[in-house]
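Enquirer: Structure in structure tokens, see below.
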Amino acid sequence: MKQLVDKAKVLMEALPYMQRLLGKTVVIKYGGHAMADAALQASFAADVVLLKHIGVRPIIVHGGGPQIAATLEKMGRTSTFIEGRRVTDEATMEVVEMVLGGKLNREIVELVNQAGGQGVGLTGSDGSLLRVKKKLIDGQDLGRVGEVTNVDPEVITASMDAGFIPVVAPIGVDEVGLSHNINADEAAGAIASELGAEKLILLTDIDGVLDAKGQLISQLSVEGCKALIAEGTIKGGMIPKMDCCMQALSGGVARTHVVDGRVQHAVLLEIFSDDAGVGTLLVP
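Following this line, the structure appears as structure tokens:
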């Protein structure tokens, strides 16, 4: 009997969060270890489908850097990086489109379908969803790497209104229709801002934001985040993720989360629990 009562308590704990999210848009950047482990893939897809069934409007924006790297390696090609960004020449862009817009996108759609949802695959070129300009790092040319300049969400909203869960590959097009690779965090943030999403969730391969002693910070303000960056506590690859979250908040997103994607059902644990969750919540 105690187990049944405990289950009821869990549902009651989640109820106010469900009520608050009813009809709201949640954008989830899916990447890292969660994309490579079968059990984590299944739990992620189940989380997203559950969100859909309780009246949330989820959108998945997926990465695929390791998968692109593995494909390039099999083809005997090496990549050059500038400040962690892959330089994407014409030949590399062909692989990016094949992996991101093709293989991975279809696999994630099928994961959603197997979990009982209805996934639909999109790229930034569908309905002019993601328009970009060439991205430069300290004046250095990264090739076919884009920075989002405009989001036309009509194809996403039409898909959600029809009952589908959009799965977006981060490939955009420039003013002359040339495709570009986009950082998945940035693409997710831009889409969340344009739609005024209730939440932006970035799945990562670490616990979340850690303090100077290595302890997880469960909730952080923008000002607190800036202070941790300035003092060097937040560093390396976490800085662009936090920049993405802060830009999304300034763009109208209500709350952003950096979540440990190595934990099964991480999305549900972070947004439907009274406990500290499995990541860091960043608030205005």
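Convert by adding 24 to the 1-based position in the sequence shown; the result is the number in my numbering.
All residues carry an ideal CB built from backbone N, CA and C; glycine is no exception.
Just so it is clear, the structure is predicted and the values come from calculations on it, not from any experiment.
Hey, T173 and R155: beta-carbon distance below 8 angstroms or not?
Expert: Position 149 of the sequence shown, counting from 1, holds the residue named residue 173. Position 131 of the sequence shown, counting from 1, holds the residue named residue 155. The beta carbons of T173 and R155 sit closer together than 8 angstroms.
Enquirer: Cα-Cα, which of I84, R101, M270 is closest to P92?
Expert: Here the question's residue 92 lines up with position 68 in the sequence shown. Before going further, note that residue 92 is Ile rather than Pro in the sequence given. For I92, the nearest C-alpha among the options comes from R101.
Enquirer: Could you give the DSSP three-state label for D165: helix, strand or coil?
Expert: In the sequence shown, residue 165 corresponds to position 141, counting from 1. Correct three-state label for D165: strand.
Enquirer: Check P264 in the structure and name its three-state DSSP category.
Expert: Taking the sequence shown and counting its residues from 1, the one referred to as residue 264 is at position 240. Residue state, collapsed to three classes: helix.
Enquirer: Taking the runs of the beta strand (DSSP E) that are 3 residues or longer, which of them lie wholly in the segment 123-149?
Expert: Entirely contained in the segment 123-149, the beta strand (DSSP E) runs reaching 3 residues are, in chain order, 143-147.
Enquirer: Please state whether DSSP places Q27 in a helix, a strand or coil.
Expert: Along the sequence shown, one-based indexing puts residue 27 at 3. Assigned with DSSP and collapsed to three states, Q27 falls in helix.
Enquirer: Whole angstroms is fine: what's the gap from A70's alpha carbon to H289's?
Expert: The sequence position of residue 70 within the sequence shown is 46, counting from 1. The sequence position of residue 289 within the sequence shown is 265, counting from 1. One C-alpha to the other measures close to 8 angstroms.
Enquirer: With a cut-off of 8 angstroms on the beta carbons, I'd call V169 and E218 a contact; round off their distance for me.
Expert: Along the sequence shown, one-based indexing puts residue 169 at 145. Along the sequence shown, one-based indexing puts residue 218 at 194. Wrong, their Cβ atoms sit about 21 angstroms apart, outside the cutoff.
Enquirer: Looking at L224: is its Cβ nearer than 8 angstroms to the Cβ of A216?
Expert: The sequence position of residue 224 within the sequence shown is 200, counting from 1. The sequence position of residue 216 within the sequence shown is 192, counting from 1. With a cutoff of 8 angstroms on beta-carbon distance, L224 and A216 are scored as near each other.
Enquirer: State buried or exposed for S274, treating a residue as buried only when at least 16 other CB atoms are found within 10 Å of its CB.
Expert: Counted from its first residue, the sequence shown places residue 274 at position 250. With fewer than 16 Cβ atoms within 10 Å of its Cβ, S274 is classed as exposed.
Enquirer: Please state whether DSSP places Q243 in a helix, a strand or coil.
Expert: In the sequence shown, counting from the first residue as 1, residue 243 sits at position 219. Residue state, collapsed to three classes: strand.
Enquirer: Along the chain, which unbroken stretches of the beta strand (DSSP E) at least 3 residues long are found entirely within the segment 69-110?
Expert: 81-86
Enquirer: Since I believe V119 is in contact with L96 (beta carbons under 8 angstroms), could you give me their beta-carbon distance rounded to a whole number of angstroms?
Expert: Residue 96 sits at position 72 when you count from the first residue of the sequence shown. Residue 119 sits at position 95 when you count from the first residue of the sequence shown. Rounded, the Cβ-Cβ distance is 6 angstroms, consistent with contact.
Enquirer: Touching or not, the segment 139-147 and the segment 185-194, by the rule of three or more beta carbon pairs under 8 angstroms?
Expert: yes
Enquirer: Hey, is I195 close to the ligand GDP, as in C-beta under 7 angstroms from one of its heavy atoms?
Expert: Among the components modelled here there is no ligand, and therefore nothing to report on the ligand GDP.
Enquirer: Cα-Cα, which of P194, L128, K33, H86 is closest to T7?
Expert: For residue 7 there is no data in the structure shown, the boundaries of the chain being 25 and 308.
Enquirer: If you scan the segment 279-305 from start to end, which runs of the alpha helix (DSSP H) of 4 or more residues do you find wholly inside it?
Expert: Annotation note: the segment 279-305 contains the following uninterrupted alpha helix (DSSP H) runs of length 4 or greater, listed N- to C-terminal: 290-295.
Enquirer: What are the partner residues of H204, as DSSP defines its beta bridges?
Expert: In the sequence shown, the residue the question calls residue 204 occupies position 180. Beta-bridge pairing links H204 to G196.
Enquirer: Whole-angstrom Cβ separation of K157 and D198, contact assumed at under 8 angstroms?
Expert: On the sequence shown, position 133 is the one that residue 157 refers to. On the sequence shown, position 174 is the one that residue 198 refers to. That belief holds up - the Cβ atoms of K157 and D198 are roughly 6 angstroms apart, short of 8 angstroms.
Enquirer: Please classify F105: is it buried, with 16 or more other beta-carbons within 10 angstroms of its beta-carbon, or exposed?
Expert: Here residue 105 refers to the residue found at position 81 of the sequence shown. Exposed is the call here.
Enquirer: I need the DSSP call for K53, collapsed to helix, strand or coil.
Expert: Along the sequence shown, one-based indexing puts residue 53 at 29. The answer is strand: DSSP assigns K53 an E or B state.
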